[in-house]
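Participant:
Residue numbers (full-length UniProt numbering): 1 to 727.
(1) Where do the ends of the alpha helix (DSSP H) carrying residue 121 lie?
(2) Which residues bound the beta strand (DSSP E) around residue 108?
(3) Do three or more CB pairs link the segment 164-179 to the segment 208-223 at distances below 8 Å?
(4) Beta-carbon separation of residue 257 and residue 314 under 8 Å?
(5) Please state whether DSSP places residue 267 in a helix, a strand or coil.
(6) Quick check: what's the CA-CA separation for residue 429 versus residue 435?
(7) Find out if the Cβ-Cβ distance for the pair residue 226, residue 199 is shorter than 8 Å.
(8) I'd like the list of long-range same chain contacts for residue 49, defined as Cβ closer than 6 Å, with 5 residues on each side in sequence excluded.
(9) Between the beta-carbon of residue 145 and the beta-carbon of residue 231, is there less than 8 Å?
(10) Out of 359, 132 and 461, point me to the one whose CA is closest to residue 412's CA.
(11) May I ask which residues mark the beginning and end of the alpha helix (DSSP H) holding residue 227?
(12) Quick check: what's the CA-CA separation for residue 240 versus residue 74?
(13) Which residue marks the beginning of the beta strand (DSSP E) containing residue 509, and which one marks its end?
(14) Span of the beta strand (DSSP E) holding residue 390?
(15) List in chain order: all unbroken beta strand (DSSP E) runs of 3+ residues lying wholly within the segment 181-246.
(16) When the Cα atoms are used, what is the spatial distance from residue 525 to residue 493?
(17) Could you tell me the distance, in whole angstroms, from the CA atom of residue 281 to the CA atom of residue 51?
(18) Please confirm whether residue 448 and residue 309 have their CB atoms less than 8 Å apart.
(19) The alpha helix (DSSP H) with residue 52 in it runs from where to where?
(20) Could you tell me which uninterrupted beta strand (DSSP E) segments, each at least 3 residues in length, are contained entirely in the segment 251-337, listed from first to last along the chain?
(21) Let me make sure I understand the geometry here. Which of 161, 184 and 365 has the alpha-carbon closest to that of residue 89?
(22) Which residues in the same chain have their Cβ closer than 6 Å to the Cβ of residue 284, if we skip the five residues on either side of it in sequence?
(23) Starting from residue 479, follow the alpha helix (DSSP H) in both directions and report where the run begins and ends.
(24) Output yes or no for whether 8 Å exceeds the beta carbon distance between residue 522 and residue 488.
(25) Under a three-way DSSP split, which group does residue 626 fall into?
(26) Rounded to the nearest angstrom, what separates residue 295 and residue 485 at their Cα positions?
(27) What first and last residue would you give for the beta strand (DSSP E) that runs through residue 438?
(28) Pairs of beta-carbons, one from the segment 498-506 and one from the segment 474-482, closer than 8 Å: are there three or more?
(29) Run through DSSP, which three-state label would residue 494 get?
(30) Suppose you measure from the CA of residue 330 to the CA of residue 534; what does that come to, to the nearest Å?
(31) Under three-state DSSP, which class holds residue 410?
(32) With a Cβ-Cβ cutoff of 8 Å, do residue 477 and residue 162 count as a contact?
(33) So the beta strand (DSSP E) residue 522 belongs to, where does it begin and stop?
(34) Compute the beta-carbon to beta-carbon distance between residue 408 and residue 442, rounded to the nearest angstrom, for a pair I have assumed lies under 8 Å.
(35) Using 8 Å as the threshold, is the segment 264-280 in touch with the segment 392-403, meaning 3 or more CB pairs across them?
(36) Answer with buried or exposed for residue 157, where buried requires no fewer than 16 other C-beta atoms within 10 angstroms of its C-beta.
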């Protein structure tokens with residue numbers, strides 16, 4: 001083509017043409033991307049859908065804020081690249097509580113180790129926390145809006161039976177700890193306290209959790225003190241940011257993370273309800289920790305003493321492989337702000353508190369340890385997140401009003417509807433085709449100048465995240481048993497053969513949260529060695545409540561507040577028999593009520609059957625119809641007659657007993673509801689009454705009481721009439 005040109009010039013022209021062609025191809029790709037912009041692909045199967053499914057898809061698509069999603073996608077992409085920039089991560093500053101005054105908070109993260117604080121100091125924090133509860137200043141928020149397919153599936157994790165001796169769910173453990181906390185406050189301040197509890201759900205499990213609480217009568221807490229609210233959700237997209245279809249008429253969505261709690265609290269009216277109750281601070285915890293000290297008064301008093309807007313509970317991380325986030329400070333360099341107010345941006349450095357999730361921490365930072373010294377070189381970043389937080393109400397409202405600028409990518413393998421095939425595709429686990437965007441609750445720390453943390457022992461940690469292995473129900477049961485066994489030994493108790501509690505059935509150990517919140521009030525209760533397995537329930541549990549979990553709710557249970565339980569069904573059956581007993585018996589066996597002769601009213605003996613048209617007549621029947629004694633003689637005479645059928649002599653059996661079902665119903669009502677109404681069948685049996693023959697004339701010649709009274713009057717009158725005037 002360019003043969004007439006010199007070789008160097010020909011090569012140059014060839015390179016120019018290649019570059020132009022490549023540029024044209026890129027332009028075509030950009031135009032194709034612009035044509036594919038938007039999320040209209042979710043309507044690819046719209047014409048195939050039924051009218052109801054079309055309406056469902058339209059409603060779901062209209063609920064999604066497309067502009068907000070685009071901003072979130074952009075910020076989440078920026079965060080991926082932003083994490084690779086030069087941001088220095090440092091451990092939190094340790095707070096010195098040996099001074100007379102509380103230590104001054106440093107910018108960023110501030111940490112206090114409970115083991116380094118004197119008993120007098122943390123006792124003062126505990127008293128302050130209980131006092132705040134007594135003044136109705138604290139509310140408890142439980143986060144149960146996550147969707148975890150690893151354990152539980154469609155059943156909320158808080159409703160599962162993790163395998164304790166009591167078979168209590170995590171929800172029941174949490175609520176009973178709150179009830180015990182209310183008791184401690186009432187005992188100390190001589191005031192009845194009702195702590196409000198707010199449970200964050202998602203749109204899929206909200207009704208399930210509400211029904212679970214209502215079926216179990218809210219586990220003893222007042223119904224008006226438990227409120228449920230749903231967090232928002234966000235679409236699940238592919239690597240390009242396109243919505244994935246879960247079904248042809250349904251967009252795949254996921255809860256927007258625990259960071260959505262701030263907006264949900266405000267938009268669902270929970271903050272307004274808190275304000276009306278006088279609440280100024282909230283304690284927030286997740287639902288997956290069996291050993292969580294829900295509403296910990298020490299933590300509440302510590303955060304209030306520090307005058308902090310936000311606080312977090314941590315524990316020491318020992319191994320780099322442990323899967324939980326790290327509380328730390330991040331140093332931002334070359335941040336441009338107008339510091340002196342001259343209208344010009346100045347380059348400054350800022351320190352912000354942060355929590356780095358496990359999958360976001362670089363490998364070298366996970367394994368970095370402190371310099372050699374005492375204690376065997378612990379990890380440099382060792383403040384593990386326990387997912388328990390403290391926030392001021394005003395700070396919650398402030399965060400909810402701001403547009404969230406920090407989102408997190410969570411890769412996930414998820415089945416989806418292929419737009420070309422029109423069928424559901426199940427990708428392999430290693431192929432993480434989906435992107436889930438979530439907000440994290442601790443990202444709000446960037447809006448605080450200082451954040452405080454209280455590091456507690458690892459005995460408050462027993463997560464339930466996996467079916468087996470670490471953080472599984474087995475490890476949680478073992479942690480509960482060892483902690484409660486330690487409480488018993490500390491209170492002066494001992495165990496047979498010095499056995500150590502474990503996760504197997506024969507080694508389990510458990511103390512009800514209604515008995516002790518943190519090992520208190522156990523002294524003097526264990527006078528002899530205990531044998532494993534061991535469970536210490538509250539006396540209230542024998543009459544009021546028993547365990548209720550999601551799996552047990554589907555099977556026959558003995559929970560008297562469960563409408564599906566055996567006790568309730570039995571009571572309903574007794575009540576139904578009391579009202580319609582004859583009708584039900586007739587429906588079951590009509591032969592029971594065949595006519596066999598007349599019955600005497602309130603009599604032990606029955607009247608003889610009606611004389612038959614055929615068959616021999618009983619001797620003396622006409623002469624003895626009006627006399628019971630004559631009937632006896634007639635019956636005895638007929639019994640001696642071998643020609644008389646036995647069925648015609650005996651008649652139907654007499655009902656001379658009290659209905660035991662009705663007696664059981666009365667006892668249950670008196671036990672549970674305090675009613676002292678005697679059952680209808682508890683009157684004296686008929687056998688205890690005098691027969692008509694005994695209630696009638698005692699003998700043939702003995703006068704009746706009326707005759708004796710009239711005779712007595714006549715005798716007295718005649719005596720008075722016959723007396724002389726001299727007398």
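Note that the Cβ used here is the ideal one computed from N, Cα and C, for glycine as well. Owing to the predicted nature of the structure, the values given are computational and were not obtained by experimental measurement.
Facilitator: The short version:
(1) Against the chain shown, residue 121 aligns to sequence position 121. Counting along the chain, the alpha helix (DSSP H) containing residue 121 begins and ends at 119-134.
(2) Translated into positions along the chain shown, residue 108 becomes position 108. Going by DSSP, residue 108 is part of the beta strand (DSSP E) stretching over 108-113.
(3) Yes, they touch.
(4) Here residue 257 is taken as the residue at index 257 of the chain shown, counted from 1. Here residue 314 is taken as the residue at index 314 of the chain shown, counted from 1. Contact flag unset, no.
(5) Working through the chain shown from its first residue, we reach residue 267 at position 267. Reduced to three states, the DSSP call for residue 267 is helix.
(6) Here residue 429 is taken as the residue at index 429 of the chain shown, counted from 1. Here residue 435 is taken as the residue at index 435 of the chain shown, counted from 1. Straight-line Cα distance between these residues: approximately 14 Å.
(7) For the purposes of this step, residue 226 is taken as the residue at position 226 of the chain shown. For the purposes of this step, residue 199 is taken as the residue at position 199 of the chain shown. For residue 226 and residue 199, yes; Cβs fall inside 8 Å.
(8) Numbered from 1 along the chain shown, position 49 holds the residue referred to as residue 49. Excluding positions up to five away in sequence, the list reads 249.
(9) Indexing the chain shown from 1 puts residue 145 at position 145. Indexing the chain shown from 1 puts residue 231 at position 231. Yes, Cβ-Cβ distance for residue 145 and residue 231 is below 8 Å.
(10) Taking the chain shown and counting its residues from 1, one reaches residue 412 at position 412. Checking every option, the nearest Cα to that of residue 412 belongs to 359.
(11) As a first step, residue 227 is located in the chain shown; it is residue number 227 there, counting from the start. Looking at the DSSP string, residue 227 is not in any alpha helix (DSSP H); the run it does join, the beta strand (DSSP E), is 226-230.
(12) Residue numbering aside, residue 240 sits at position 240 when the chain shown is read from its first letter. Residue numbering aside, residue 74 sits at position 74 when the chain shown is read from its first letter. One C-alpha to the other measures close to 11 Å.
(13) Locating residue 509 in the chain shown gives position 509, counting from the first residue. First-last of the beta strand (DSSP E) with residue 509: 509-511.
(14) Numbered from 1 along the chain shown, position 390 holds the residue referred to as residue 390. That run of the beta strand (DSSP E) goes 383-392.
(15) 197-201, 226-230 and 233-235
(16) As a first step, residue 525 is located in the chain shown; it is residue number 525 there, counting from the start. As a first step, residue 493 is located in the chain shown; it is residue number 493 there, counting from the start. Using only the alpha carbons, I get a separation of about 8 Å.
(17) As a position in the chain shown, residue 281 is number 281, starting the count at 1. As a position in the chain shown, residue 51 is number 51, starting the count at 1. If you take the alpha carbons of residue 281 and residue 51, they lie about 48 Å apart.
(18) By one-based count along the chain shown, residue 448 stands at place 448. By one-based count along the chain shown, residue 309 stands at place 309. Going by C-beta atoms, residue 448 is nearer than 8 Å to residue 309.
(19) In the chain shown, residue 52 corresponds to position 52, counting from 1. In the DSSP assignment, residue 52 falls within the unbroken alpha helix (DSSP H) covering 51-63.
(20) 253-255, 281-286, 310-316 and 326-337
(21) Counting from 1 along the chain shown, the entry for residue 89 is found at position 89. Of the listed residues, the one whose Cα sits closest to residue 89 is 365.
(22) For this step, residue 284 is matched to residue 284 along the chain shown. Excluding residues within five positions, the ones whose Cβ falls inside 6 Å are 141 and 389.
(23) What you label residue 479 is simply residue 479 of the chain shown in a count that begins at 1. Unbroken alpha helix (DSSP H) run through residue 479: 473-490.
(24) Here residue 522 is taken as the residue at index 522 of the chain shown, counted from 1. Here residue 488 is taken as the residue at index 488 of the chain shown, counted from 1. Contact: yes.
(25) Stepping through the chain shown from its first residue, residue 626 is reached at position 626. Note that residue 626 scores 46 on pLDDT, short of 50, meaning its location in the model is unreliable; the coordinates nonetheless yield the value given after this. Coil.
(26) Stepping through the chain shown from its first residue, residue 295 is reached at position 295. Stepping through the chain shown from its first residue, residue 485 is reached at position 485. Straight-line Cα distance between these residues: approximately 23 Å.
(27) One-based indexing of the chain shown puts residue 438 at position 438. Segment 434-438, the beta strand (DSSP E) holding residue 438.
(28) They touch, by the three-pair rule.
(29) Along the chain shown, one-based indexing puts residue 494 at 494. Three-state DSSP puts residue 494 in coil, outside helix and strand.
(30) For the purposes of this step, residue 330 is identified with residue 330 of the chain shown, where counting begins at 1. For the purposes of this step, residue 534 is identified with residue 534 of the chain shown, where counting begins at 1. Cα to Cα, residue 330 sits roughly 47 Å from residue 534.
(31) Translated into positions along the chain shown, residue 410 becomes position 410. Three-state DSSP puts residue 410 in a strand.
(32) Here residue 477 is taken as the residue at index 477 of the chain shown, counted from 1. Here residue 162 is taken as the residue at index 162 of the chain shown, counted from 1. Taking 8 Å as the Cβ cut-off, residue 477 and residue 162 qualify as a contacting pair.
(33) Taking the chain shown and counting its residues from 1, one reaches residue 522 at position 522. It is not in any beta strand (DSSP E) - residue 522 carries neither H nor E in the DSSP assignment.
(34) Translated into positions along the chain shown, residue 408 becomes position 408. Translated into positions along the chain shown, residue 442 becomes position 442. Rounded, the Cβ-Cβ distance is 11 Å, inconsistent with contact.
(35) The segment 264-280 vs the segment 392-403: in contact.
(36) Against the chain shown, residue 157 aligns to sequence position 157. When all chains shown are included, residue 157 counts as buried.
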